[in-house]
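Structure, as C-alpha cells:
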Ligand code: TTP
Ligand code: MG
C-alpha cells in the first residue's frame, strides 16, 4: 500500500558539531567547525559540518576548509571523532525506531519512519513528532528537525525546510505548492551535472520541472528524465525499508600537498584500503567492483571502475586493482589533489544489519 501513507523524516541538527558542543559546554553558542585541519588558512580538505553559529558566517558542509577559515577565522576548528558520533547515532536510532511501524536509517543522523498505522491523521503525526523531538532532546541533549509527508521524498524535503528544531507538515493537498518554488537541486538524484543541464533548458525550480514537456525530458535524460518528472510532481512510491542496503564502501583523502609521486599515491591507496577493509569483514560483505576517483590539482575529477568475475572480500585484490586503475593517471606531468577507493557491487552477508553510510573523510 503506498496510498494514504504518513511518513516522518528525522534529521539531527548540525550533528557532528552538536555532539561536540554537548561534550564541551565551552563550545556552546560558539561557531564550531568540524573537518580538516585549517592550518591557519593553508589547510586542505573540507568542512564536514558547522554549528548554526558558524553557518551565520557562511560556512557550509563540503566547503574547502581554507575558505571556511577566511569566512570565520574566529571559529573553533575540530577534527571529527567518528566513533563518538556513531555511538551517539546508535542511541538516537534506538529511540526513533520505537515510534514507527517501519524504520529506516539512511545516514548517520537521519531516519524515516512509517507511522501510517500509528496515527489517525497528519495533525496526530505532528503531535507524535513533537514527542519524538522532546524525547531525543531529553535523553540525548541534541535537537532534531522533523518533516512529515505522504511519502519519503516529501518528508525528507520537509525536515530540511525549517531547521534547527523544526517541524514541517506537508499534507497531500499541499504537496505541489510546497515543491514548486524549491530549486531542482533539492530533488533526490539531481546532482550538479543534471542541475547544469536543467538550467540550460530554463528549468530552475521543481515547479518548472513539473511543467516541462515530458518527451523532451526523456529525450535528454532517458529513463531518469521520466523519473525526475514523477518526483517533481511529488510522486514517490518507495517504501520505508527496514534493512537499508549500502551500495558501496570506501574512503577518499586529500593530500597534504598536490603530488605526482607514484609511490606516495600508491601508499595512500594502501592506507585507504586498510582503513575501510574491516567494514567488509565485520559486515560479512563481499564486492565485485573496485572504483577509484582521482582529482587533479585543477579539480578535474576522473573515476574508473573494474568489475571482477567473482565476489570477494580480499584486501590485496582491492589494492592491486585500485593501483592498476590509477596507473594511467600517473606520470603524465599533472599533480593529484585527491584519491578515493571504493568497492561496490556488494553481496551483503545474511547477518548484515542496517549499515552505516559511506563515511566521508574531511
Ligand atoms: P547533515 O544532516 O547533512 O548535516 P548536519 O546534521 O551537520 O546539519 P543539518 O542541521 O543541516 O542537518 O549531515 C550529517 C552529518 O554528516 C554532519 O554533521 C557531518 C556529516 N557530513 C559530512 O561529513 N560531509 C558532508 O558534506 C555532509 C553534508 C555531512
Ligand atoms: Mg543533520
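In this note's numbering, the protein residues as written are 3 to 364. Backbone N, C-alpha and C fix where the C-beta goes; we use that ideal spot for every residue, glycine too. Just so you know, these numbers come straight off a predicted model, no measurement behind them.
Where residue 213 is concerned, the enclosing alpha helix (DSSP H) starts and stops at 208-213.
Secondary structure at residue 46: coil, using DSSP grouped into helix, strand and coil. In this structure, residue 112 has its CB closer than 8 Å to one or more heavy atoms of the ligand MG. Secondary structure of residue 171 (DSSP, three-state): strand.
When secondary structure is reduced to three states using DSSP, residue 326 falls in the helix class. Distance from the CA atom of residue 299 to the CA atom of residue 230, rounded to whole angstroms, is 33 Å. Residue range 264-284 is occupied by the alpha helix (DSSP H) that includes residue 268, with no beta strand (DSSP E) assigned at that position. Across the set 15, 70, 62, the C-alpha of 70 shows the shortest separation from the C-alpha of residue 40. Going by beta carbons, residue 345 and residue 250 fall inside the 9 Å limit. In the structure shown, residue 145 adopts coil according to DSSP, grouped into three states. With 16 or more other Cβ atoms from the protein chains shown falling within 10 Å of its own Cβ, residue 38 counts as buried. The beta-bridge partner set that DSSP reports for residue 75 is empty.
Only residues of its own chain outside the window of five on either side were considered, and among them 251 have a CB closer than 6 Å to the CB of residue 281, listed in chain order. When DSSP states are grouped into helix, strand and coil, residue 331 belongs to the helix group.
Proximity of the beta carbon of residue 144 to the ligand MG is not indicated: no heavy atom of the ligand is located closer than 8 Å.
Residue 152 is positioned such that its CB atom lies no closer than 9 Å to that of residue 57. Judged by pairs of C-beta atoms under 8 Å, the segment 182-196 does not touch the segment 127-142, as fewer than three such pairs exist. For residue 114, the pairing in a beta bridge is given by DSSP as 11, 106. The C-beta separation of residue 256 from residue 337 comes to about 12 Å, leaving the pair out of contact by the 8 Å criterion. DSSP places residue 140 within a helical segment (H, G or I) once states are collapsed to three. The straight-line gap separating the alpha-carbon atoms of residue 157 and residue 109 is approximately 15 Å. Comparing C-alpha distances from residue 169 to each of 284, 295, 50, 125 shows the shortest one belongs to 125.
With 16 or more other CB atoms across the displayed protein chains lying within 10 angstroms of its CB, residue 22 is buried.
Looking at the backbone, the Cα of residue 55 and that of residue 172 are separated by about 28 Å.
In its chain, beyond the 5 residues on either side, 287, 289 have a beta carbon closer than 6 Å to the beta carbon of residue 348.
For residue 17, the shortest C-beta to heavy atom distance toward the ligand TTP is below 8 Å. Here the C-alpha atom of residue 303 lies approximately 19 Å from the C-alpha atom of residue 67. Taken through DSSP and simplified to helix, strand or coil, residue 185 comes out as strand. Within the same chain, and ignoring the five residues on either side of residue 331 in sequence, the residues whose Cβ sits closer than 6 Å to its Cβ are 296. Nearest to residue 160 by alpha-carbon distance, out of 329, 83, 11, 339, is 11. If one requires a minimum length of 4 residues, the alpha helix (DSSP H) runs lying completely within the segment 10-41 are 17-25, in chain order.
Per the DSSP secondary-structure output, residue 250 pairs in a beta bridge with 346. Residue 155 has its Cβ no nearer than 8 Å to any heavy atom of the ligand MG. If you ignore the 5 residues before and after residue 174, its C-beta comes within less than 6 Å of the C-beta of 152, all in its own chain and listed in chain order. Ranked by Cα distance from residue 59, the options 35, 315, 81 are led by 35.
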